[in-house]
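Written out below as structure tokens is the structure these notes cover.
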Amino acid sequence: MSKSSPVNKAWKSLAWLLVLVAGLVAVNGAGVMFGGGSWTPKLALDLEGGTQIVLAPQLESGQSVTAEQLVQAVSIIRQRVDAAGVSESEISTQGANNIVVSIPGQPDDATLARIQASAKLEFRPVLVTSAPSSATIGADGVSTPAPTADPSLSTIPAISPSNASDLNYITPALEAQFIAFDCATESTAATNVAPADLPLITCDNTNTAKFLLGPVEVSGSDISDATSSLVTTQTGASTGQWAVNIVFNDAGTSTFAGVTSRLFGMTGAQNQFAIVLDGKVISAPSTNAVITDGRPQITGGFTQDSAKVLADQLKYGALPIGFQVQSSDTISATLGSTQLANGILAGVIGLILVVVYSLLQYRMLGLVTVFSLAVAAVITYLLVTILSWREGYRLSLAGVAGLIVAIGITADSFIVYFERVRDELRDGRGLESAVEAGWKRALRTIIASDTVNFLAAVTLFILAIGNVRGFALTLGLTTIVDLIVVMLFTHPVMQILAQTKFFGGGNKWSGLDPTALGAVYRGRARFQAPAAAKGTKAAGSAKEASKRQTIAERKAETLTSEKDTQISAKGNR
Amino acid sequence: MASFSNFGNDLYTGARSVRIVGRQRLWYTISALLILISVVGPIMRGGFNFGIEFSGGSEFVVSNVASGANQAIATSTVETVVPSVVPKVSLLGGTSIRIQTAQLTDIQTRDIRNLLATNYNVPTEDVTASFIGATWGADITAQALRGLVVFLILAALVMTIYFRTWKMSVAALVALLHDLVITAGIYGISGFEVTPGAVIGLLTILGYSLYDTVVVFDKVRENTMGSGRDLSKTFGQQVNLAVNQTLVRSINTSVVAALPVASILFIGAVILGAGTLRDISLALLIGIIVGTYSTIFLATPLYAQLRSNEPAIRKYDKKVLANQAKAVESVSV
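Protein chains in written order, with UniProt numbering: chain A, 1 to 573; chain B, 1 to 333.
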């Protein structure tokens, strides 16, 4: 073995490590300068303080959300939250069903309501409207609540309805239900979810009227834009009246043209169509014209604000599905920073303990562990920071715990390696070759065990939700960093140290003293007397003797003596 | 520490040897007892103490309260607003008070929040209100369990391919399940709340436990397969030497892994009170200790036992034993 070649390789590895770290620093530096990056990772809500709202889709039975629907919902909720002027909010999907909205600080009620109001938007023709209460005031002036609908009433239209405005939709059962319907209790009754092809009974958003609506004709996702503006005359002069302008997409345009041409010819309530958001009627304009260009304008009694609200609702309200809040978790900034400070404190204490233990166990070799851990920490920190800039990763308390746990798993690679080197020393190798031989065997073990760990991290990351994901990410990240550090730092450093007099000479304090390790190989071709020869005074079984022998001795024996009769089992297969 | 490295030397050469393989009955009995305790213990305590994430409910945290603040204020405040609710009050990190109740309506929540701020004399911003649907924790756990099953299948495949014997996978997985059951059991006995943090801790254990087993099994593989094996030893003796040779590493690794976790647990339990850090670290600490134990005393002997009935191994062992007996004779002559 050429003497300088491992050392050359070692310096090359260290150079690569330097390039890697410099590259990470450069990437992050560029991020800080040009791309809104930062030198510190972004923190999750549990460390920074803030509110996390988990939304779950409110589905009709048998329905399920697709990933695309969820993504669409996220982008719409994001627009809504942004429109509410909340900065640095974060909205993401979680698992197969949930949407997580994270807002710094504690949102005001209006913002909360806005997020929670996100729901599907649909256009339904109005069949009947009436006062919001279910009670009737008789001739005696006393209000009597209507009886609840008799379940035996027919729910199937006698004559099949020909279009969405057809009053044949109103079956006796539906009529009774409508009469019994009271806007005051509507929110608890949760009746405002109905299949798109069936009539819906609901109220407007101020509970001033109740509606019996036909099936959905145009859905909110057919809206491509909605704005609010002042109505102008044909000459361009402003009338001072606010209006909401809707722009439909192609499908919406043709359907809406059909709807308006039918409704235009009708009278009374049936001339109206209702815009239903989250099961509530947000607007029920009457049809004054047949709209064929897909650009209807709603006017009448709008203020600038109310017009904007309706336009926003229309634009952002095109959610494909309704959502309900599953959990809402607020953590104060104080508590978050206490948690972070104490988490870091715990990490520092843990690290010091590990350093002390390593030094006790491995003497100066322990310093290699300490520096390796330091390099691993730097790389991990840079990676986490870059991830938080590029991928929006946020460090949570669970993530911090993952990092602290990683100290143990990372240090284990060094321990496995050192123990293998020591084993080789015990077998009588010189330090240089012990490092090379120990490394070969240790690397196999490290790769195998890290593979299992990485597998755990990846599986959890893909399949788990919430905190578990953040944890899995740091676990996987540190496993990779572990491999990088042990290959590009720990091993090269060992190769170089093996050349020094302190370590190569097996100084007492180096942690690699062959004498202390009980090595049987002392210098070139000088073997210790076989252990078997001196230790067989009592029962002296061969089993015992062979146990006391080291591999080196056995190897030496096989090499040097054929006349060994004591251990006859050897090579006897 | 010199004695410890001597201990390592002796274990390596076999001068000193802990008889691990061959005392299966003892180890299995210990593990069975531990598992029994882990199953019976939590039941005796009245089942697991599930956190609000699993049971659902509302939670308030009052920050920046004067130290030594009266927790009874919280109880009476909640009872003033909603008499039917029995709140669970605990101290959080010295200057915060956490109040957990059954799920409240929005209006009740707002009232309690305002009243807590008044009664504890802190600004309203320092009182946070949260609510968690009952399915939330269950959702996390269900997903985590799915992850667990997929991981176990993948890990078993990887190990079978790497070690070229499915028996190692079986032994490793048995040890893993043993670890999970015992960790969950002792966690339950501790009376800490089962929170998503605890679930995370438990999931990490599965990674750690297998990791630890793979390290030791890799040495077993080296000692029993290919050129590295010592043909004067029976299969069981080879395995036993391997586990002894990695004993120092096992001890060092578990200490190094346990130290940071123990410091999180200490900080978490003493300074922070209830919370993610405490829950994760308790589950982890138990798991690391049990995981190291099970690799040495359950997975390895089990593996040796699983293989010992293979015809090839039996034949080989018989030959080796005969030779060893012959050697004894030749020495005594």
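Glycine included, every Cβ here is placed at the ideal spot set by N, Cα and C. Every value quoted in this text rests on a predicted model; they were computed, and no experiment measured them.
For the segment 248 to 278 of chain B, the beta-carbon criterion of a distance under 8 Å to any beta-carbon of chain A is satisfied by V248, R249, N252, T253, V255, V256, A257, A258, L259, P260, V261, A262, S263, I264, F266, I267, G268, I271, L272, G275, T276, L277. Counting along the chain, the unbroken beta strand (DSSP E) around L200 of chain A starts and ends at 200 to 203.
Against A242 of chain B, chain A offers no close residue; the least beta-carbon distance is about 11 Å (beta-carbon pairs closer than 8 Å). Put simply, the segment 292 to 306 of chain A touches the segment 245 to 252 of chain A. At least three CB pairs are less than 8 Å apart.
Relative to the Cα of V384 of chain A, the nearest Cα in the group A:A226, A:L475, A:A56 belongs to A:L475. Taking a 10 Å sphere around the C-beta of D225 of chain A, we find fewer than 16 other C-beta atoms and assign the residue as exposed.
Minimum Cα-Cα distance from E53 of chain B among the listed residues B:S63, B:R45, B:Q100 corresponds to B:Q100. Under the 10 Å beta carbon count, A307 of chain A is surrounded by 16 or more other beta carbons and is classified as buried. Non-local beta-carbon contacts of A131 of chain A in its own chain, meaning distances under 8 Å to residues more than five positions away in sequence, involve A209, K210 in chain order. Across the segment 157 to 178 of chain B, CB contacts with chain A closer than 8 Å involve V158, M159, Y162, in sequence order along the chain. Neighbours of Y357 of chain A in chain B, taken as residues at a C-beta separation under 7 Å, are given in chain order as V255, V256, L259. Taking C-alpha positions only, F418 of chain A is separated from Y293 of chain B by approximately 22 Å. Distance from the Cα of A269 of chain A is smallest, within the candidate group A:Q313, A:T51, A:L127, for A:L127. Annotation for K219 of chain B: the continuous alpha helix (DSSP H) segment containing it runs 196 to 224.
Closest option to L92 of chain B, judged by alpha-carbon separation, among B:A72, B:V62, B:T118: B:V62.
Annotation: Cβ neighbours of R444 of chain A in chain B (cutoff 8 Å, chain order): D218. Under DSSP, I496 of chain A takes part in no beta bridge, so it has no partner. For N114 of chain B, DSSP records no beta bridge to any residue. Taking 8 Å as the cut-off, the beta carbon of S221 of chain A is found no closer than this to the beta carbon of I53 of chain A. Taking Q313 of chain A as reference, the option from A:I282, A:L431, A:V325 with the minimal CA-CA separation is A:I282.
Taken atom to atom, the span from the alpha-carbon of G350 of chain A to that of F471 of chain A is near 18 Å. Listed along chain A are V452, L455, A456, each with a C-beta nearer than 8 Å to that of A155 of chain B. The beta carbon of L34 of chain B sits closer than 6 Å to the beta carbons of I182 from its chain, once the five residues preceding and following it are set aside; these are given in chain order. The beta carbons of L473 of chain A and Y393 of chain A sit closer together than 8 Å. Of all alpha-carbon atoms in B:F151, B:F163, B:Y187, the one lying nearest the alpha-carbon of L176 of chain B is that of B:F151. Just so you know, the alpha carbons of Q339 of chain A and L397 of chain A end up roughly 8 Å apart.
In this model, A73 of chain A and I496 of chain A are separated by some 57 Å (Cα to Cα). Counting only residues of its own chain and dropping the five nearest sequence neighbours on each side, F163 of chain B has a CB closer than 7 Å to the CB of F217, R221. Distances from the CA of T445 of chain A to each of B:K315, B:R314, B:I313, B:R249 were compared; the closest alpha carbon is that of B:R249. Distance between T287 of chain A and T129 of chain A, taken at the CA atoms: about 16 Å. Taken in chain order, the whole alpha helix (DSSP H) runs of length 4 or more contained in the segment 246 to 306 of chain B are 247 to 267, 276 to 294. Beta-carbon to beta-carbon, S58 of chain B and L11 of chain B are separated by about 56 Å, too far to satisfy the 8 Å threshold.
Pairing S232 of chain B with V320 of chain B gives a Cβ-Cβ distance under 8 Å.
Secondary structure note for E193 of chain B: it is in no alpha helix (DSSP H), with a DSSP letter that is neither H nor E. Contact fails between the segment 188 to 205 of chain B and the segment 300 to 317 of chain B, because fewer than three Cβ pairs, one in each stretch, are under 8 Å apart.
Annotated as distal: A257 of chain B and S38 of chain B, with beta-carbon spacing of 8 Å or more.
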